[in-house]
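Line by line, the protein sequences are chains V and U.
Each residue of the first sequence is one higher than the one before, counting from 1 in the working numbering.
Each residue of the second sequence is one higher than the one before, counting from 1001 in the working numbering.
Using N, Cα and C, we set each Cβ at its ideal position, and we do this for glycine too.
Given the structure is predicted, the values throughout are model-derived calculations rather than measurements.
Right, one structure below, let's go through it.
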Amino acid sequence: MASLDPMDNRWRPWRLLAPALTAVFLLLVVPISFIIVYSFWLRTATGADIAGFHLDNWEEVLTDPFYRDIMVFTIWIAFATTVVCAVAGYIPAYFIATTQFKHKAFLLLLLMLPFWISYIIRTMSWINILGSSGIVNVALQWLGITDEPIQMLYNQWTVIVGLVHFLLPFMILNIYVSLYAIDRNLVDAARSLGCTGWQSFREVTLPLSVPGLAAGSLLCFVLAAGTYITPVVLGGPTDAMFANLVFDAIITQLNWPLGSALSLVLLILLGVLVAIYNRFAGLGQIAKSFG
Amino acid sequence: MTDHAVELKSVVKRYGDFTAVHDTNLGIPEGSFLTLLGPSGCGKTTTLRMIAGLTGITEGDILIKGRRVNDLPIHKRNLGIVFQNYALFPHRTVQQNVAFGLKYRNTPKDEAERRVREALELVQLPQMADRMPSQLSGGQQQRIALARAIVIQPDVLLLDEPLSALDANLREDMRIELKRIQHTLGITTVFVTHDQSEALAMSDRIVVMSAGHVEQVGSPEEVYNRPASEFVAGFLGNSNILSGKVMDIAGPVAKLELDGLGPVLAATDGVGRTLSTGETVKVSIRAEKLMLDGADPAGDDISTFPGTVTTVDYQGQVARYFLESGGLTLQAINTIDERPLQEGTETAIRIRARDCVVLPH
Ligand SMILES: Nc1ncnc2c1ncn2[C@@H]1O[C@H](COP(=O)(O)OP(=O)(O)OP(=O)(O)O)[C@@H](O)[C@H]1O
Ligand SMILES: [Mg+2]
């Protein structure tokens, strides 16, 4: 009876957490459990799935060089995107963090502006820029630099461009948060001890912004590695990434068991990455940039 | 003028239309401890940062060791700065923090190690070299910040309210400690504070500032006993500021007629000019120099008025009295022999001529 007493403090946290826990359970734990179970089923030539505990899907996914190559390609794209975001994002983040401009909130709002437009539309906009009748080609032809439109779209570089376009604000925000938290006096102290402006950046600002860089990088890498739309819209026929494989297996081939195993591989890979990051940096840093 | 380690010549600092520091001239003698004292927002930090090179100057010149440094970037000025919040590098050990400035002076490794050790011994924390700043208490961080600033043997040591983040007891210990270190090294020091007791206890010279102006420069005794303005008299300690008229002048002593109180003898040596009879002046009398019944001074330069105790603020060793006399409210702080005077007591108020200071304006 005691546990039903609304004033019983022992149950209070659980009661407060109940809606969230229910949502997590129904929307995350249950579907993932299904996928785990599915990944051990077997797909037959007739199209029917055989329930049971079969390692065939896992064996195929883990040994077939086709999947391995695409995994390597996915990691490469995510890595390249992250590096470009880190380098290109640091400068605006530094600017916003150190500017004397009174309306910093406005600058941060500008950073959020792209999110008001659908990700797919933003991705497609590159077709109007880099496509054969896009603005770059039209300009080049008009200037007489080329006669024929240059094929710039539909390769791994345009996939990276599209992903950077999408992920840059996340990176800037994360770096900004850690730069903003750095005490200006630290830089002044370094300067007074003999550092030039550049040296004090290297000695103080850069090392102290590493947590933000790391958090932004993790976010960019995970989001890039799981991307599905960008390679479809901006990649060539050979630029499929891992999420495209999952889509293909499940939606096109209706092979749920294989698709399940594939998606779990991606999940585990990214999960390991997050765990490593958490081991060294702590996930709290990412939460800061959303706070 | 080369015996001045730092010199400010007609220095002005403006932020847009706002003048943070007005035309300021200041010489800081080699090896001395100078304090910039004043209320919040009076321009102390701005002045210090201009000397440091952290803030540009709008007009005038700053000379360090006789050399004009207006356009010399901060990293070439060879100054030691201690910030109010310590500003230790959080990602470096204590050792690395203290050695930081030596690294940029290309000091050989073994010499650097020796000097870091000596600096840590000077601040009495030799065993902390391998700690991170986050593992130190506030007082310890303050000492490390000081060690980091002095290890480079700076031409001038600049301290911006270095003690204000410490709690009261520690603050008094550190104040003695800081003075000891400054004395040991004989280093020219500019110290910023809004705490008058800190300034009086530590300084060779005090610069009292108000609203971007220098109000007075002098030794602690001078600014305390011979305030040059109403502001200084009011800012340091508790003072009674009264106005009156000059009746007669006899050498360093003048006979005044104070509004409400009547005739009084007053010292004129702080005025810096000759007064003329009939002139209206202001005088400052420190609360602890107003002597009530129980303290009976002898001398022929004593003026006496009747007064009534209206409020008693008993503080154990001393009591602060508010008195009514001639329609004025006066403040007196007296040590107590046995028990304080009671409210409503009629008492005699006595003032020695040298404690009744005529203000220059
Ligand atoms: N960057 C700035 N832009 C505009 N005004 C400033 C700037 N820095 C300081 N001020 C103004 O200059 C005046 C003096 O500031 P300063 O920091 O020197 O005061 P302070 O005497 O050190 O006061 P505190 O005891 O509060 O530290 C203040 O009124 C302040 O508002
Ligand atoms: Mg200040």
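Where cysteine 85 of chain V falls: helix, strand or coil (DSSP): By one-based count along the first sequence, residue 85 of chain V stands at place 85. Residue state, collapsed to three classes: helix.
Minimum Cβ-Cβ distance from histidine 981 of chain U to chain V less than 8 Å: No information on residue 981 of chain U is available, as it lies outside the stretch 1001 to 1361 that chain U covers here.
Under 8 Å between C-beta atoms of isoleucine 1051 of chain U and valine 1123 of chain U: Within the second sequence, the letter at position 51 stands for residue 1051 of chain U. Within the second sequence, the letter at position 123 stands for residue 1123 of chain U. At the C-beta level, isoleucine 1051 of chain U and valine 1123 of chain U stay beyond 8 Å of one another.
Cβ shell of leucine 208 of chain V (< 6 Å), same chain only, five flanking positions each side left out: What you label residue 208 of chain V is simply residue 208 of the first sequence in a count that begins at 1. Once the five neighbours on either side are set aside, the close Cβ partners of leucine 208 of chain V are Ile182.
Nearest residue (CA-CA) to alanine 1129 of chain U, options U/Arg1105, U/Thr1093, U/Leu1275 and U/Arg1114: Within the second sequence, the letter at position 129 stands for residue 1129 of chain U. Closest by alpha carbon: U/Thr1093.
Serine 1276 of chain U versus leucine 1256 of chain U - alpha carbon distance: Counting from one through the second sequence, the residue named residue 1276 of chain U turns up at place 276. Counting from one through the second sequence, the residue named residue 1256 of chain U turns up at place 256. Answer to the nearest angstrom: the Cα atoms are 11 Å apart.
Beta carbon proximity, leucine 208 of chain V to chain U, threshold 8 Å: Stepping through the first sequence from its first residue, residue 208 of chain V is reached at position 208. So, interface residue.
Ligand 2 heavy atom lying under 7 Å from the CB of glutamate 1198 of chain U: Start at 1 with the first residue of the second sequence, and residue 1198 of chain U comes out as number 198. For glutamate 1198 of chain U, the CB stays at least 7 Å from every heavy atom of ligand 2.
Contact the region 1030-1045 of chain U vs the region 1180-1199 of chain U: 3+ CB pairs below 8 Å: Taking a cut-off of 8 Å for Cβ pairs, the region 1030-1045 of chain U and the region 1180-1199 of chain U touch, as three or more such pairs fall below it.
Positions along the region 1053-1067 of chain U whose CB lies within less than 9 Å of some CB in chain V: For the region 1053-1067 of chain U, the residues whose beta carbon sits under 9 Å from a beta carbon of chain V are, in order, Gly1053 and Leu1054.
Cβ-heavy atom distance, lysine 1013 of chain U to ligand 2, below 7 Å: Along the second sequence, read from residue 1 onward, the residue named residue 1013 of chain U stands at position 13. Outside the cutoff, so no.
Test item, CB below 5 Å from any non-hydrogen atom of ligand 1: In chain order, the hits are U/Tyr1015, U/Ala1020, U/Ser1040, U/Gly1041, U/Cys1042, U/Gly1043, U/Lys1044, U/Thr1045, U/Thr1046 and U/His1194.
Test item: CB-CB of alanine 1087 of chain U and alanine 1119 of chain U under 8 Å: As a working note, residue 1087 of chain U is residue 87 in the second sequence. As a working note, residue 1119 of chain U is residue 119 in the second sequence. Not a contact, by the Cβ cut-off of 8 Å.
Beta carbon proximity, serine 178 of chain V to chain U, threshold 8 Å: If you number the first sequence from 1, residue 178 of chain V lands on position 178. Between serine 178 of chain V and chain U, the shortest Cβ-Cβ separation is not below 8 Å.
Beta-carbon gap between valine 1232 of chain U and glutamate 1215 of chain U smaller than 8 Å: On the second sequence, position 232 is the one that residue 1232 of chain U refers to. On the second sequence, position 215 is the one that residue 1215 of chain U refers to. Yes, Cβ-Cβ distance for valine 1232 of chain U and glutamate 1215 of chain U is below 8 Å.
CB contact check: glycine 326 of chain V to chain U, cutoff 8 Å: Chain V is shown only over 1 to 291; residue 326 of chain V falls outside these bounds and no answer can be derived.
Alanine 1287 of chain U and glutamine 1331 of chain U closer than 8 Å at C-beta: As a first step, residue 1287 of chain U must be located in the second sequence, where it is residue number 287. As a first step, residue 1331 of chain U must be located in the second sequence, where it is residue number 331. Glutamine 1331 of chain U is positioned such that its CB atom lies closer than 8 Å to that of alanine 1287 of chain U.
Any alpha helix (DSSP H) of 4 or more consecutive residues that is wholly inside the region 228-284 of chain V: Segments of the alpha helix (DSSP H) lying fully in the region 228-284 of chain V: 229-234, 242-247 and 256-280.
Close beta carbons around tyrosine 38 of chain V, own chain, < 7 Å, minus the five adjacent residues each side: Taking the first residue of the first sequence as 1, we reach residue 38 of chain V at position 38. The beta carbon of tyrosine 38 of chain V lies closer than 7 Å to those of Trp256, Pro257 and Ser260 in the same chain, with the five residues before and after it left out.
Near ligand 2: valine 1082 of chain U beta-carbon under 7 Å from a heavy atom: What you label residue 1082 of chain U is simply residue 82 of the second sequence in a count that begins at 1. No, Cβ of valine 1082 of chain U sits at least 7 Å from all heavy atoms of ligand 2.
Own chain partners of isoleucine 1206 of chain U with C-beta closer than 7 Å, once the 5 adjacent residues on each side are dropped: As a first step, residue 1206 of chain U is located in the second sequence; it is residue number 206 there, counting from the start. Taken in chain order, the residues that qualify are Thr1035, Leu1037, Ala1199, Gly1218, Pro1220 and Val1223.
Contained beta strand (DSSP E) runs [length at least 3] in the region 1026-1067 of chain U, N- to C-terminal order: The qualifying runs are 1033-1037 and 1059-1064.
DSSP-derived helix/strand/coil call for leucine 62 of chain V: In the first sequence, residue 62 of chain V corresponds to position 62, counting from 1. Helix at leucine 62 of chain V.
Boundaries of the beta strand (DSSP E) in which asparagine 1240 of chain U is found, first to last residue: Here residue 1240 of chain U corresponds to residue number 240 of the second sequence, with the count starting at 1. It spans 1239-1250 - the beta strand (DSSP E) in which asparagine 1240 of chain U sits, taken as one unbroken run.
Cross-strand partners of arginine 1320 of chain U (DSSP beta bridge): For the purposes of this step, residue 1320 of chain U is identified with residue 320 of the second sequence, where counting begins at 1. Paired residue(s): U/Asp1313 and U/Ile1333.
DSSP state of leucine 219 of chain V mapped onto helix, strand, coil: As a position in the first sequence, residue 219 of chain V is number 219, starting the count at 1. Looking at leucine 219 of chain V - three-state DSSP - the assignment turns out to be helix.
Leucine 1054 of chain U, buried or exposed, once every other Cβ within 10 Å from all chains shown has been counted against 16: Locating residue 1054 of chain U in the second sequence gives position 54, where the first residue counts as 1. When all chains shown are included, leucine 1054 of chain U counts as buried.
Residue(s) in a DSSP beta bridge with phenylalanine 1305 of chain U: On the second sequence, residue 1305 of chain U is found 305 positions in, with the first residue counted as 1. Secondary-structure assignment with DSSP links phenylalanine 1305 of chain U through a beta bridge to U/Ile1349.
Closer than 8 Å to chain V by CB, isoleucine 1187 of chain U: Within the second sequence, the letter at position 187 stands for residue 1187 of chain U. Chain V, which has no Cβ nearer than 8 Å to the Cβ of isoleucine 1187 of chain U, makes this no.
Reduced DSSP secondary structure (H/G/I, E/B, other) of valine 152 of chain V: As a working note, residue 152 of chain V is residue 152 in the first sequence. The identity of residue 152 of chain V in the sequence shown is methionine, whereas the question assumes valine. Coil.
Of the residues U/Arg1014, U/Thr1019, U/Asp1023 and U/Pro1154, the one placed nearest leucine 1008 of chain U, counting alpha carbons only: Working through the second sequence from its first residue, we reach residue 1008 of chain U at position 8. Checked all of U/Arg1014, U/Thr1019, U/Asp1023 and U/Pro1154; the closest Cα to leucine 1008 of chain U is U/Asp1023.
Residues of its chain near histidine 1213 of chain U, where Cβ-Cβ distance is below 7 Å and the 5 sequence neighbours each way are ignored: Position 213 of the second sequence holds residue 1213 of chain U. Counting only residues of its own chain and dropping the five nearest sequence neighbours on each side, histidine 1213 of chain U has a CB closer than 7 Å to the CB of His1022.
Start-to-end residues for the alpha helix (DSSP H) that takes in glycine 1218 of chain U: Mapped onto the second sequence, residue 1218 of chain U falls at position 218. Following the DSSP letters along the chain, one finds glycine 1218 of chain U in no alpha helix (DSSP H) but inside the beta strand (DSSP E) bounded by residues 1213-1218.
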